[in-house]
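Worksheet for the structure shown next.
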Amino acid sequence: MKNILSAILFIAFALLLTQAQLSSYCIYQDQKAKECAFYDSLQQNFGGVNLPKYKVNLDLSYKDRWREIITNYKNPIQMFANFLQSSDGFKQIEQLFPLYSDPNFLNELQAISDLSGVSFTSIQLFSQMYEILGSIACTSIIARNPDGSIVHGRNLDYGFFQQISPLLANIEFQRNGKTVFFADMVIGTAIVVTGVVPNGFSITINQRDVDQQSLSYLKQQYIPACYLIYQVLQTNTTYQDALNTLLNTKVAMPAYLNIAGVSGNQGNVIEKNRESNSLQTTLSESTWFICQTNYDRSIPDPQSDYRRLPCEQKMSQLNQSSWQPQEMFNILSQQPNFVQSTIATDIMVPKTGFINSTRWFNPPPIMQQIQQKLYKQTLQAVTVFILIFIL
Numbered sequence: 025m026k027n028i029l030s031a032i033l034f035i036a037f038a039l040l041l042t043q044a045q046l047s048s049y050c051i052y053q054d055q056k057a058k059e060c061a062f063y064d065s066l067q068q069n070f071g072g073v074n075l076p077k078y079k080v081n082l083d084l085s086y087k088d089r090w091r092e093i094i095t096n097y098k099n100p101i102q103m104f105a106n107f108l109q110s111s112d113g114f115k116q117i118e119q120l121f122p123l124y125s126d127p128n129f130l131n132e133l134q135a136i137s138d139l140s141g142v143s144f145t146s147i148q149l150f151s152q153m154y155e156i157l158g159s160i161a162c163t164s165i166i167a168r169n170p171d172g173s174i175v176h177g178r179n180l181d182y183g184f185f186q187q188i189s190p191l192l193a194n195i196e197f198q199r200n201g202k203t204v205f206f207a208d209m210v211i212g213t214a215i216v217v218t219g220v221v222p223n224g225f226s227i228t229i230n231q232r233d234v235d236q237q238s239l240s241y242l243k244q245q246y247i248p249a250c251y252l253i254y255q256v257l258q259t260n261t262t263y264q265d266a267l268n269t270l271l272n273t274k275v276a277m278p279a280y281l282n283i284a285g286v287s288g289n290q291g292n293v294i295e296k297n298r299e300s301n302s303l304q305t306t307l308s309e310s311t312w313f314i315c316q317t318n319y320d321r322s323i324p325d326p327q328s329d330y331r332r333l334p335c336e337q338k339m340s341q342l343n344q345s346s347w348q349p350q351e352m353f354n355i356l357s358q359q360p361n362f363v364q365s366t367i368a369t370d371i372m373v374p375k376t377g378f379i380n381s382t383r384w385f386n387p388p389p390i391m392q393q394i395q396q397k398l399y400k401q402t403l404q405a406v407t408v409f410i411l412i413f414i415l
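Our numbering puts the first residue of the sequence shown at 25, with every later residue one more than the last.
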């Protein structure tokens, strides 16, 4: 088991390395951009579209609630499964399942597996990507609007952007004919990385530490962080209840959990350990916004991934008494917070339940070629590494 865990750590590292090589991060010197990879202006090369929208009836069985959507997404789900299964390394990981074995979690995944025609173990891997594969980077911003409401923005960055992007959709979950929450989901999973409960709260997750211990904690039934968000959105209705659940639930992998409420100082970024919380950064009378990327606030952003401070500098330049959500979107859709692996940008207002979800796509052909080459090299390296440790 120790050797397999080491192999999985290598996989996570390799995927993160792949993402770093692909990302259009800037190298900074004295906080000035010295060199930016691939593009001078991403806006000229990328277009955005609204995510497809669906409704899911939580009163139905798992299979019935997902039938229409999974049927529509069957081909891209199978393509993603084939992509992951093309490596012997991933096949070795699949042999370890099941890991987290909550009956509701497994029953929902079984329904998705049956509908999509993708193996149950592959669907489990999809829904524990954060713990096993990592590579969810992201920027989140929580800010108080001039009208007193809270605006919550996020960029979803992921190393598998060409495979994940076609699977993204915005889902309105209903119970008894009424909206419970909205969520951006990777179709084929039972996890949420971005969601909002109208007149309640919104949540996003940013990647924190990546290590080789997540499998052992999943076996101990520490909940996958993105499944926790999915459950909180289904069961909690207020900001305080959701915050308490996030603070007091053990998770299989550390994370930054970002939660916004409807008004006042209801904004909190949690630096979450598996069993405790390192730090909470909250809105206050003197702090009207919070930017979060992928580093603890006690750790300076590395020059190769200098995103939080530029985000804070741009937000501080806005007129606090008149700024608009569009301006937050503009910050998220520009360098350095917009990167090659940014696949979606969301703006949410929990007070009204508003969510605007933009999917970014259509990288230039040369980038597609580079990405496929790097992924192939990564998968080959992973396979060799695992064989060395297993044989």
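The C-beta atom is built at its ideal place from N, Cα and C for all residues, glycine as well.
- Task: Taking I165 and M352 to be in contact with their CB atoms under 8 Å, please state how far apart those CB atoms are, rounded to whole angstroms.
- Result: By one-based count along the sequence shown, residue 165 stands at place 141. By one-based count along the sequence shown, residue 352 stands at place 328. Indeed, because the Cβ distance is near 6 Å, the residues count as touching under 8 Å.
- Message: Please report the distance separating the alpha-carbon of R331 from that of L84.
- Response: Working through the sequence shown from its first residue, we reach residue 331 at position 307. Working through the sequence shown from its first residue, we reach residue 84 at position 60. Cα-Cα distance, rounded: 42 Å.
- DSSP-derived helix/strand/coil call for E92: Here residue 92 is taken as the residue at index 68 of the sequence shown, counted from 1. If DSSP states are grouped into helix, strand and coil, E92 belongs with the helices.
- Query: Hey, quick one: how far does the alpha helix (DSSP H) through I101 stretch, first residue to last?
  - Reply: Taking the sequence shown and counting its residues from 1, one reaches residue 101 at position 77. First-last of the alpha helix (DSSP H) with I101: K98 to Q109.
- Query: DSSP on L130, reduced to helix/strand/coil?
  - Reply: On the sequence shown, position 106 is the one that residue 130 refers to. Here L130 carries a helix assignment [DSSP, helix/strand/coil].
- Contact check, N380 vs I367, beta carbons under 7 Å: As a working note, residue 380 is residue 356 in the sequence shown. As a working note, residue 367 is residue 343 in the sequence shown. Cβ atoms of N380 and I367: not closer than 7 Å.
- Unbroken alpha helix (DSSP H) runs of length 4 or more, entirely within the region 184 to 221: which are they? Complete alpha helix (DSSP H) runs here, min 4: 185 to 188.
- Message: With the cut-off set at 7 Å, would you say I229 and A249 are in Cβ contact?
- Response: Along the sequence shown, one-based indexing puts residue 229 at 205. Along the sequence shown, one-based indexing puts residue 249 at 225. A contact, by the Cβ cut-off of 7 Å.
- Could you check if D420 is buried or exposed, using at least 16 other CB atoms within 10 Å of its CB as the buried criterion? There is no way to answer for residue 420, as the model of the chain reaches only from 25 to 415.
- Message: Can you tell me whether N268 is helix, strand or coil according to DSSP?
- Response: Counted from its first residue, the sequence shown places residue 268 at position 244. Residue state, collapsed to three classes: helix.
- Message: Alpha carbons only, please: which of L356, G377 and L82 is nearest the one belonging to W384?
- Response: Along the sequence shown, one-based indexing puts residue 384 at 360. The candidate whose alpha carbon is nearest that of W384 is L356.
- Item | Sequence ranges, beta strand (DSSP E) only - wholly within the region 278 to 360, length at least 3 | Fully enclosed beta strand (DSSP E) runs of no fewer than 3 residues occupy 279 to 284, 291 to 296, 301 to 306 and 313 to 316 of the region 278 to 360, in order along the chain.
- Message: My output table needs one value for K243: the three-state DSSP class, helix, strand or coil.
- Response: Within the sequence shown, numbered from 1, the residue matching residue 243 stands at position 219. If DSSP states are grouped into helix, strand and coil, K243 belongs with the helices.
- Message: Report the CB separation of N169 from T382 in whole angstroms; it is logged as a contact under 8 Å.
- Response: What you label residue 169 is simply residue 145 of the sequence shown in a count that begins at 1. What you label residue 382 is simply residue 358 of the sequence shown in a count that begins at 1. Wrong, their Cβ atoms sit about 19 Å apart, outside the cutoff.
- Would you kindly work out how many angstroms separate the C-alpha atoms of D126 and L252, rounded to a whole number? As a working mapping, residue 126 is identified with position 102 in the sequence shown. As a working mapping, residue 252 is identified with position 228 in the sequence shown. D126 and L252: Cα-Cα distance of roughly 12 Å.
- Tell me T262's beta-bridge partners as DSSP assigns them. Sequence index remark: in the sequence shown, residue 262 carries index 238 (1-based). Partner(s): none; T262 has no beta bridge.
- Just how far apart, CA to CA, sit P222 and Q264? Stepping through the sequence shown from its first residue, residue 222 is reached at position 198. Stepping through the sequence shown from its first residue, residue 264 is reached at position 240. Straight-line Cα distance between these residues: approximately 14 Å.
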